[in-house]
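Have a look at the structure below, then the notes.
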Amino acid sequence: MSQTSKQISYAALRPRLRDGMSILFGGFLGVGTPEGIVGEILDSGVRDLTIIGNDTGTPEVGIGVLVANKRVKKVISSHIGTNAETGRQMIAGELDVELVPQGTLAERIRCGGSGLGGVLTPTGVGTIVEEGKTKLNFDGIDYLVERPLRADIAILKAHQADDKGNLVYQRAARNFNPIMALAADFVVAEVDEIVPAGAIDPDLVMTPGVLVNALILAEEN
Amino acid sequence: MSQTSKQISYAALRPRLRDGMSILFGGFLGVGTPEGIVGEILDSGVRDLTIIGNDTGTPEVGIGVLVANKRVKKVISSHIGTNAETGRQMIAGELDVELVPQGTLAERIRCGGSGLGGVLTPTGVGTIVEEGKTKLNFDGIDYLVERPLRADIAILKAHQADDKGNLVYQRAARNFNPIMALAADFVVAEVDEIVPAGAIDPDLVMTPGVLVNALILAEEN
Amino acid sequence: MDAKNLIAFRVAQEMKDGDVVNLGIGLPTLVPDYLPEDVHITLQSENGFLGLGPLNGKTLPNLVNAGGKPCGMVPGTAFFDSAMSFCIIRGGHVDVTVLGGLQVDQEGNLANWMVPGKMIPGMGGAMDLVTGAKNVIVAMEHATKEGGAKILKRCTLPLTAAKKVSAIITELAVFRFIDGKLVLTETAPGVTLDDIRARTEAEFVVSPECCEMETPREVQPV
Amino acid sequence: MDAKNLIAFRVAQEMKDGDVVNLGIGLPTLVPDYLPEDVHITLQSENGFLGLGPLNGKTLPNLVNAGGKPCGMVPGTAFFDSAMSFCIIRGGHVDVTVLGGLQVDQEGNLANWMVPGKMIPGMGGAMDLVTGAKNVIVAMEHATKEGGAKILKRCTLPLTAAKKVSAIITELAVFRFIDGKLVLTETAPGVTLDDIRARTEAEFVVSPECCEMETPREVQPV
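Residue numbers (the numbering used here), protein chains in the order written: chain A, 320 to 540; chain B, 320 to 540; chain C, 187 to 408; chain D, 187 to 408.
Have a look at this one:
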């Protein structure tokens, strides 16, 4: 780990953004989504994105603004019901949506970040979720083999970071952020506060800094 | 969750102990192992135990005293090299030892506690670890299907607990404890301190209290 | 008291002291209002915590329920990430999940997450909850707004999970799945077996112990 | 300087600033002593942390390395559980793992965890480390105490992992696996190709750029 701070500006993120890239985004109905980074992605003009996360927020909140502004080609998500625009584009054939049970989504991302080839889950057995998937039976129970998910970039929201990128999340804003930190080629976190390395008790770090490539201080705390 | 404290005495654990039971034990070379509970198990006289954890400590430290006192029938562990007695009993045919790669051991316990039927791992492919296991190939990579592990009881060591059983671990004593809290029918933690519910910041809880059935205050802090 | 509150009241009587409970959005969120005084439950929220409480007036940063709405928390709450949240859910650490249903059938199948070509919100955490919780209670009005049956011989909508429902509680009746069979165990005050048959497509057995459904005191028939 | 320290010195020169490194017990733990001044690495310990540091005299509660020995920690250390520890290891988040070896072969296979019927300590975290780390460096003395070859055509002991070794560093030579072939890239000062061939069973290619192995200044030949 380099000894200098990982802090960058929103603008410094631009060279990392490109058409067609895949994005893991933290957050649950916008809580724990880095709104500033989403804004930067919107402003950059990139399109044909694949976005992977719990839900598509609303047309105004969270990742939803990228959907509303037609920058997204594919959504991999557990729930799209709060963003009418996602459903409209899907039904119009403009947007590819892969719906994944929330617990399965979490495990697939965790697998993608931890060198695992997949997990065996009973969730989805006997439903349309099992279509096209390998099914295994052990001790009389059917399981689906659910395969890993990764992305080019993960955009996270944390409350506090230290210079080394160690992250601390607040309340329900944690959700998908810690597992996404494992599963992307480039990991950037928008944070409310950056403190010197050593200022966070090592027991309380929720995402180790070695997983985080860059930090952006949120414009409004 | 009941509104009363989960605290019990060492002696109150006795009715839970029986010959032939399986035990998940926290700790890594004894650090994070509840020495007082191990002592209670020893004193109870139960035998033919199956013990599941990272290593067998030493004949004097950690879970190792149960091995040294011939209470153990089977060990499932990643490493036994620090306890000569484990190796001696194994070679003498008195003790069944299943060696499991450490990361695989962690995942198997996590699966056992989280309703997953297993994970696909590349670890062990091309080694004797793959013997007898289902192998799957995805995208040209071989994976072993590693199946869940659970136990009758999990014995944990934490630094701090609240009345509801929420746990906070200290430094490297965390190791296997949090995942074992998910994977046993009865979960008991030996702790250095018990505080009232609400005294631990909810963001800092490392094991949610609903997973913990009983707390024992360590005799020597 | 309207049908929704009647159902929520009856569901609340299913809870045991110490239960860990996950409540779906809508009707199920009314359940805590009707808990018996000696029953304390811990609410799990799939967005990552155990200890959900009422809002109590003040909104706290990043403290929201799984519907994204501000909520409160009780002393002894614990937060964790989504992977851990579903380890808890899928791993059988949730005693009871209460969800609404579009359709339930006599095999114990539940459909509650999409109507093809019409409404596709996604399953969210429902598939994991129904698969993993020890007790799955479907809390719903007995019939559709148009009066159509929702308790069917076989679900026609895409399933949420197969053969996992433990009980169905409506404003008219309580059904339980016992040894794989749908069994009528309670009928609401003033509701006859014929009323239930008329509004239920599924085949069901009437329990020999079938009794009157408990309702809040103020609506008990005199 | 003895063979072990010579090897540790050379291994240290493999590290790049910012690398996340896991060091096996024994010889590999000497590596940090020989890091170039401008190279800062983060040490991962499989018992659950990133930020392992030297002991610095004072023992802290529950602060031990993966060998169970008291250790220190640097500012910005993070602790986590064993599952997360191996997500990091298996998931490719460790840049370099340095381990000892009983045998390595020309296919890149490593055996370092058991000698059947004789010594069966178990694999600990070694199988995951060798499988998951981006770079796997085997740091070991070139031959056995009896003078037997350890770099073989084919390992005879049970493997730790198949075809995962990136480099072998001994007191005599540096080998790298390039396009699946074992390639000699450096020889220690004063050591001839014939010396190496005599003590190596494996077939290897001599790199056209094969050069003299870097050694600490004090043992450079005059």
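Using N, Cα and C, we set each Cβ at its ideal position, and we do this for glycine too.
Interface partners of C/T263 on chain B, CB under 7 Å:
Sequence index remark: in the third sequence, residue 263 of chain C carries index 77 (1-based). Correct list: P521.
D/E389 classed as buried or exposed, judged by whether at least 16 other C-beta atoms fall within 10 angstroms:
For this step, residue 389 of chain D is matched to residue 203 along the fourth sequence. When all chains shown are included, D/E389 counts as exposed.
Interface residues of chain D around B/G436 at Cβ under 8 Å?
Counting from 1 along the second sequence, the entry for residue 436 of chain B is found at position 117. Within 8 Å Cβ-Cβ: nothing; B/G436 doesn't reach chain D, min ~17 Å.
Hey, would you say B/N485 sits closer than 8 Å to B/G422, going by beta carbons?
Residue 485 of chain B sits at position 166 when you count from the first residue of the second sequence. Residue 422 of chain B sits at position 103 when you count from the first residue of the second sequence. Contact: no.
Along the alpha helix (DSSP H) that carries D/R276, what are the first and last residues, could you check?
Counted from its first residue, the fourth sequence places residue 276 of chain D at position 90. Looking at the DSSP string, the run of the alpha helix (DSSP H) that includes D/R276 is 268 to 276.
Using the rule of at least 16 other Cβ atoms within 10 Å of the residue's Cβ for burial, across every protein chain shown, is C/I193 buried or exposed?
Counting from 1 along the third sequence, the entry for residue 193 of chain C is found at position 7. The residue is buried, with at least 16 neighbouring Cβ atoms inside 10 Å.
Buried versus exposed call for C/V280 [16 or more other C-beta atoms within 10 Å across all chains shown]
Taking the third sequence and counting its residues from 1, one reaches residue 280 of chain C at position 94. Looking at its Cβ environment, which holds 16 or more other Cβ atoms inside 10 Å, C/V280 is buried.
Kindly say whether B/G459, judged by its beta-carbon, lies nearer than 8 Å to any beta-carbon of chain D.
Numbered from 1 along the second sequence, position 140 holds the residue referred to as residue 459 of chain B. It does not: the Cβ of B/G459 has no partner Cβ on chain D nearer than 8 Å.
Please classify B/Q322: is it buried, with 16 or more other beta-carbons within 10 angstroms of its beta-carbon, or exposed?
For the purposes of this step, residue 322 of chain B is identified with residue 3 of the second sequence, where counting begins at 1. Low confidence applies to B/Q322: its pLDDT is 49, below 50, so where it sits in the model is not reliable enough to give any reading.
Going along chain C, which residues have a C-beta under 7 Å from B/G517?
The residue labelled residue 517 of chain B in the question sits at position 198 within the second sequence. The answer, in chain order, is P261, G262.
Just verifying my parser: in three-state terms, what is the DSSP assignment at B/A387?
Here residue 387 of chain B corresponds to residue number 68 of the second sequence, with the count starting at 1. It is helical.
By the criterion of Cβ-Cβ separation under 8 Å, what are the contact partners of B/T440 in chain A?
On the second sequence, residue 440 of chain B is found 121 positions in, with the first residue counted as 1. Neighbours of B/T440 on chain A, chain order: G434, L435, G436.
Is the shortest distance between the beta-carbon of C/V206 and the beta-carbons of chain B less than 8 Å?
Position 20 of the third sequence, counted from the start, is the residue given in the question as residue 206 of chain C. It does; some Cβ of chain B falls within 8 Å.
Hey, A/A503 and A/R469: beta-carbon distance below 8 Å or not?
By one-based count along the first sequence, residue 503 of chain A stands at place 184. By one-based count along the first sequence, residue 469 of chain A stands at place 150. Between A/A503 and A/R469, the C-beta spacing is below 8 Å.
Measure the alpha-carbon distance for C/A315 versus C/N233 and round it to whole angstroms.
Counted from its first residue, the third sequence places residue 315 of chain C at position 129. Counted from its first residue, the third sequence places residue 233 of chain C at position 47. Checking the sequence shown, residue 315 of chain C turns out to be Leu, not Ala. For C/L315 and C/N233, the distance between alpha carbons rounds to 13 Å.
Which residues bound the alpha helix (DSSP H) around B/D362?
Position 43 of the second sequence, counting from 1, holds the residue named residue 362 of chain B. Boundaries of the alpha helix (DSSP H) around B/D362: 354 to 363.
Could you compute how far the alpha carbon of B/E509 sits from the alpha carbon of D/L249?
Mapped onto the second sequence, residue 509 of chain B falls at position 190. Mapped onto the fourth sequence, residue 249 of chain D falls at position 63. For B/E509 and D/L249, the distance between alpha carbons rounds to 18 Å.
Spatial neighbours of A/N402 within its chain, please: CB distance less than 8 Å, with the 5 preceding and 5 following residues excluded, ordered by chain position.
Stepping through the first sequence from its first residue, residue 402 of chain A is reached at position 83. Within the same chain, A/N402 has close Cβ partners D374, T375, G376, T377, P378, G383, V386, A387.
Per DSSP, what kind of secondary structure is C/T346 in: helix, strand or coil?
In the third sequence, residue 346 of chain C corresponds to position 160, counting from 1. The three-state reading of DSSP puts C/T346 in coil, since its state is none of H, G, I, E or B.
Determine, for B/R351, whether the minimum Cβ-Cβ distance to residues of chain C falls below 8 Å.
Along the second sequence, read from residue 1 onward, the residue named residue 351 of chain B stands at position 32. A quick correction: the sequence has Gly, not Arg, at residue 351 of chain B. No, no contact with chain C.
Under 9 Å Cβ-Cβ, which residues of chain D neighbour B/I498?
Along the second sequence, one-based indexing puts residue 498 of chain B at 179. In chain order: D267, S268, A269.
Within 9 Å of chain A by C-beta, residues of the stretch 333 to 348 of chain C in sequence order:
P344, L345, T346, A347, A348
Using a Cβ distance threshold of 8 Å, determine whether the stretch 352 to 368 of chain B contacts the stretch 263 to 281 of chain D, with at least three qualifying pairs required.
no
Give a yes or no on whether the C-beta atoms belonging to C/V391 and C/V360 are separated by under 8 Å.
Numbered from 1 along the third sequence, position 205 holds the residue referred to as residue 391 of chain C. Numbered from 1 along the third sequence, position 174 holds the residue referred to as residue 360 of chain C. In terms of Cβ geometry, C/V391 and C/V360 do not form a close pair [threshold 8 Å].
Any idea what DSSP makes of C/M418, helix, strand or coil?
In the structure displayed, chain C extends from 187 to 408; residue 418 of chain C sits before or after that span and is not available.
Determine whether the beta carbon atoms of B/I356 and B/L332 lie at a separation below 8 Å.
Here residue 356 of chain B refers to the residue found at position 37 when the second sequence is read from its first residue. Here residue 332 of chain B refers to the residue found at position 13 when the second sequence is read from its first residue. Closer than 8 Å, so yes.
Within 8 Å of any Cβ in chain B, is that where the Cβ of D/P402 sits?
The residue given as residue 402 of chain D occupies position 216 in the fourth sequence. No - not a single Cβ of chain B is within 8 Å of the one on D/P402.
Quick one: using the 10 Å Cβ neighbour count with 16 as the cut-off for buried, is D/K331 buried or exposed?
To locate residue 331 of chain D, count along the fourth sequence from 1; it is residue 145. Classification for D/K331: exposed.
Close beta carbons around B/G346, own chain, < 6 Å, minus the five adjacent residues each side
Taking the first residue of the second sequence as 1, we reach residue 346 of chain B at position 27. These residues qualify, in order along the chain: T352, G381.
Which stretch, first to last residue, makes up the alpha helix (DSSP H) that contains A/N496?
In the first sequence, counting from the first residue as 1, residue 496 of chain A sits at position 177. 496 to 499 is the span of the alpha helix (DSSP H), which, as asked, contains A/N496.
Taking a cut of 9 Å between CB atoms, which residues from the stretch 226 to 245 of chain C lie near chain B?
H226, I227, T228, Q230, F235, L236, G237
I'd like to know whether the C-beta of A/A425 is nearer than 8 Å to at least one C-beta of chain C.
Translated into positions along the first sequence, residue 425 of chain A becomes position 106. Yes - at least one Cβ of chain C is within 8 Å of the one on A/A425.
Anything in the stretch 479 to 498 of chain B with a Cβ closer than 9 Å to a Cβ of chain A? List those residues in chain order, please.
V487, Y488, Q489, R490, R493
Residues in the stretch 369 to 382 of chain C with C-beta within 9 Å of chain A's C-beta atoms, listed in sequence order?
none
I'd like to know if A/I399 contacts chain C, where contact means its C-beta is closer than 8 Å to some C-beta of that chain.
Mapped onto the first sequence, residue 399 of chain A falls at position 80. For A/I399, the nearest CB of chain C lies under 8 Å from its own CB, placing it at the interface with that chain.
Would you say D/G210 lies against chain B (beta-carbon separation less than 8 Å)?
Taking the first residue of the fourth sequence as position 1, residue 210 of chain D is located at position 24. By this cut-off, D/G210 is not an interface position.
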